[in-house]
Amino acid sequence: MFKRLFIAIILLGLVVGGIVWFKFFREQMIAQFLSGMTPAPVPVTTELVEPLTWTPGIDAVGTSLSARGVDLAIESGGLVREVKFKANDKVTEGQVLLQIDDDSERASLVAAQAALTVAEAEANRARTLSERGVGAASTVESATAQVESARAQMAQVQTALDAKKLSAPFAGVIGIPRVEIGQYVTPGTIYATLQDLSRMRVDFSVPEQQIGKLALGGKVSVASEVGGFSAEGSIIGIEPRVDPNSRLVSVRAEVENPNGALVPGQFLRVRIILPDEAGVIAVAQTAVSSSLYGDSIYVIRNGEQADELKVEQVFVTLGRRSGTRIEVVKGLEAGDRIVTSGQNRLTSGARVRIDDSVKLDDKTGN
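Using our numbering, you'd call the opening residue of the sequence shown number 24 and step up by one each time.
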């Protein structure tokens, strides 16, 4: 019995030992096989680092408003007799837009004209009598005063009559009518909006650190999120104070709007165009890899063998951004060739193969 148990233990040990030896042997052979393999070069796109002319700018968001735009209000209350415009009509300066019932004022004007006529006749009569020596000078003065009073009364009635006829203060596009014929309105009631769309203003804000770069007449470019509108203009106003809450300074620019594509209240992306700078090192933003250790760029280097290329991970200091490009302040030199895509498969020292059949962007820096 003991002999059989001993033989079973020996056989079990041999089996277990064989399994362990086979596993170790297999892992050793696999490691030996892999150590002899050379990874294929990773295909990457590259770019030659060259100094370029950089067009710096200050980016902001703004709101459009017309150079001349007002809400038209009723000057004198009453019943609306005529609405002489339709929504989106182009009106000219002085064009009559709204007529309020003015029968009472017209009657008062006739009475005032009659009173003026009587007063002038009385003044002429008093003046004639005074010249003949049968009238007192005080009578002439009193009659003259009555004439002036009658004229003032007539002018007052004429002003009230004119207030019943509302006209456009300037040429532009008028909005939707807010009153109807027969409606009773009070002074101050808004009856439409009038906007001059030939030129537009853009209000925006920039950080206080950028105040020194702002100047009246400075060039700006604006673009809308919808409709593909873009235009250029200039700064016409800079607020002489910084908002203590937001630490921003308000700026106003004016741009051309010849086709009326831009309307007041639209959201706009604004860029203040600063003077060009030559000799700036800037690369495609896709070339930069960011991690907890910092920003880095893979630079192409020659390998140990002929026609062999490897990459070196170089940590860089970045600066300003403009469009699809970013300034490199430190870490790269003109003439370096860098990787612009394919970095996710790279480590420092990896072999690469250049494939520049796809061009990512231009090098304008705009």
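Just so you know, even glycine gets a beta-carbon here, dropped at the ideal spot from N, CA and C.
For Gly205, there is no enclosing beta strand (DSSP E), since its DSSP letter is neither H nor E. With a cutoff of 8 Å on beta-carbon distance, Val303 and Lys333 are scored as not near each other. Annotated three-state conformation of Gln122 is strand, per DSSP.
Segment contact: the segment 115-128 against the segment 250-263, fewer than three CB-CB distances shorter than 8 Å; contact not assigned.
For Ala83, same chain residues with a beta-carbon under 7 Å away, outside a window of 5 residues either side, are Phe227, Ser228, Val229, Val293 in chain order.
A distance of 8 Å or more separates the beta carbons of Ala194 and Val93. Thr78 has its alpha-carbon roughly 10 Å from the corresponding atom of Arg344.
Considering only Glu145, Leu132, Arg368, Leu189, the residue with the shortest C-alpha distance to Ser312 is Arg368.
Partner residues in the beta bridge of Tyr321, as assigned by DSSP, are Gln336.
In the DSSP secondary-structure assignment, Leu71 is bridged to Arg360. In terms of Cα proximity to Glu70, the closest of Val180, Ala307, Glu203 is Ala307. Look at Phe290 here: in three-state DSSP terms it is strand. Residue environment for Asp379: exposed (fewer than 16 other C-beta atoms within 10 angstroms of its C-beta).
Annotation note: the segment 63-119 contains the following uninterrupted beta strand (DSSP E) runs of length 3 or greater, listed N- to C-terminal: 65-71, 74-77, 80-96, 101-106.
By the CB criterion at 8 Å, Val278 and Val245 fall inside the cutoff. Taken through DSSP and simplified to helix, strand or coil, Gln328 comes out as coil. Rounded to whole angstroms, the gap between the alpha carbons of Leu220 and Gly250 is 16 Å.
For Pro230, the enclosing beta strand (DSSP E) covers residues 213-230.
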